[in-house]
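Mind the numbering: the sequence shown is residues 4 to 203 in the working numbering, read in order.
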Amino acid sequence: MPLQPGAILLGGFAAPEADQLLADIQRIEEANPFRRMVTPGGWQMSVAMTNCGEVGWVTDRSGYRYDWLDPETGEPWPAMPMSFRSMAERAAEVAGFTGFDPDSCLINRYEPGSRLSLHQDRNERDFDAPIVSVSLGLPATFLWGGVTRGDKPMRVRLLHGDVVVWGGPARLTFHGVDTLHGGASPAGSFRYNLTLRAAR
Ligand code: SIN
Ligand code: FE2
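Laid out in structure tokens, this is it:
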């Protein structure tokens, strides 16, 4: 389902691989645990995050950035699993973005009550590459906004295995996630989201 030019929801695209993706998330979190980071403004996020790939997205009092090292471990982030890379390359291709070469994946973990306020993904070095976003576990309401934070967002239901790809004219669209409701899912009472990026 197209969301706007350059943005598309691929319903169930990752469903056949969901178990493998969840197993790889679990392996990553054993060494690089999910943590609730603090925004530059001093608020603790309700979404817990970790990363894999060459660089990882982090936030603290000094700002948002991509970092070579996990600040929790002082070590590089774990390599991006083949399952993540392969799924993201195929999804980008289907969405019309050939040659997507992600070097970073932010892994978000939502629990009931977690939300992510409207933002743009703009810490990447350039905006030529799309963002590939994979939903696993509990359903969520994705907020798909406009070019300014004030544009009223569209509400899009995202289910286990859904993939959203945005790039080109949609690359800097504001987006977020409404407060997660509880329930049961193939990932227990969590929602996981992978966002694959070409960050550097
Ligand atoms: C994000 O914008 O980083 C995550 C979006 C989502 O969880 O669906
Ligand atoms: Fe985002």
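All C-beta atoms, glycine included, are put in the ideal place defined by N, C-alpha and C.
beta-carbon H122 near ligand 2 non-hydrogen atom, thresh 7 Å: The residue labelled residue 122 in the question sits at position 119 within the sequence shown. Yes, the beta carbon of H122 sits closer than 7 Å to at least one heavy atom of ligand 2.
Beta-carbon proximity list for P135, same chain, < 6 Å, skipping 5 on both sides: Start at 1 with the first residue of the sequence shown, and residue 135 comes out as number 132. The identity of residue 135 in the sequence shown is Val, whereas the question assumes Pro. Once the five neighbours on either side are set aside, the close Cβ partners of V135 are A91, A94, A95, V168, L199.
Inter-residue spacing [alpha-carbon to alpha-carbon] between N111 and Q23: Position 108 of the sequence shown, counting from 1, holds the residue named residue 111. Position 20 of the sequence shown, counting from 1, holds the residue named residue 23. Their backbone Cα atoms lie some 17 Å apart in a straight line.
Range covered by the alpha helix (DSSP H) that runs through A82: Sequence index remark: in the sequence shown, residue 82 carries index 79 (1-based). Premise fails: A82 is in no alpha helix (DSSP H) and is neither H nor E.
Residue from G66, Y67, Q29 whose Cα sits closest to the Cα of C55: Start at 1 with the first residue of the sequence shown, and residue 55 comes out as number 52. Considering only alpha carbons, the answer is Q29.
Nearest residue (CA-CA) to P84, options R38, F193, D73, L109: The count along the sequence shown starts at 1 and reaches residue 84 at position 81. The candidate whose alpha carbon is nearest that of P84 is L109.
Simplified DSSP state of D27, which is helix, strand or coil: Working through the sequence shown from its first residue, we reach residue 27 at position 24. The answer is helix: DSSP assigns D27 an H, G or I state.
Buried or exposed by the 16-neighbour rule on C-beta atoms within 10 Å, applied to A98: Here residue 98 refers to the residue found at position 95 when the sequence shown is read from its first residue. The residue is buried, with at least 16 neighbouring Cβ atoms inside 10 Å.
Collapsed DSSP secondary structure at A94 in the structure displayed: What you label residue 94 is simply residue 91 of the sequence shown in a count that begins at 1. A94: helix per DSSP, three-state reduction.
Limits of the unbroken beta strand (DSSP E) element including H118: Position 115 of the sequence shown, counting from 1, holds the residue named residue 118. Before going further, note that residue 118 is Arg rather than His in the sequence given. It is not in any beta strand (DSSP E) - R118 carries neither H nor E in the DSSP assignment.
Boundaries (first-last residue) of the beta strand (DSSP E) holding W169: Position 166 of the sequence shown, counted from the start, is the residue given in the question as residue 169. Unbroken beta strand (DSSP E) run through W169: 166-169.
Beta-carbon proximity list for P79, same chain, < 7 Å, skipping 5 on both sides: One-based indexing of the sequence shown puts residue 79 at position 76. Cβ neighbours of P79 beyond the five flanking positions: W71, L72.
Bridge partners - D63, DSSP secondary structure assignment: Counting from one through the sequence shown, the residue named residue 63 turns up at place 60. The partner list for D63 (beta bridge, DSSP) reads G66.
Burial state of T176, where buried means 16 or more other Cβ atoms lie within 10 Å: The residue given as residue 176 occupies position 173 in the sequence shown. Its Cβ being crowded by 16 or more others within 10 Å, T176 is buried.
Backbone CA spacing between F103 and T76 [nearest angstrom]: Walking along the sequence shown from the start, residue 103 turns up at place 100. Walking along the sequence shown from the start, residue 76 turns up at place 73. Cα-Cα distance, rounded: 29 Å.
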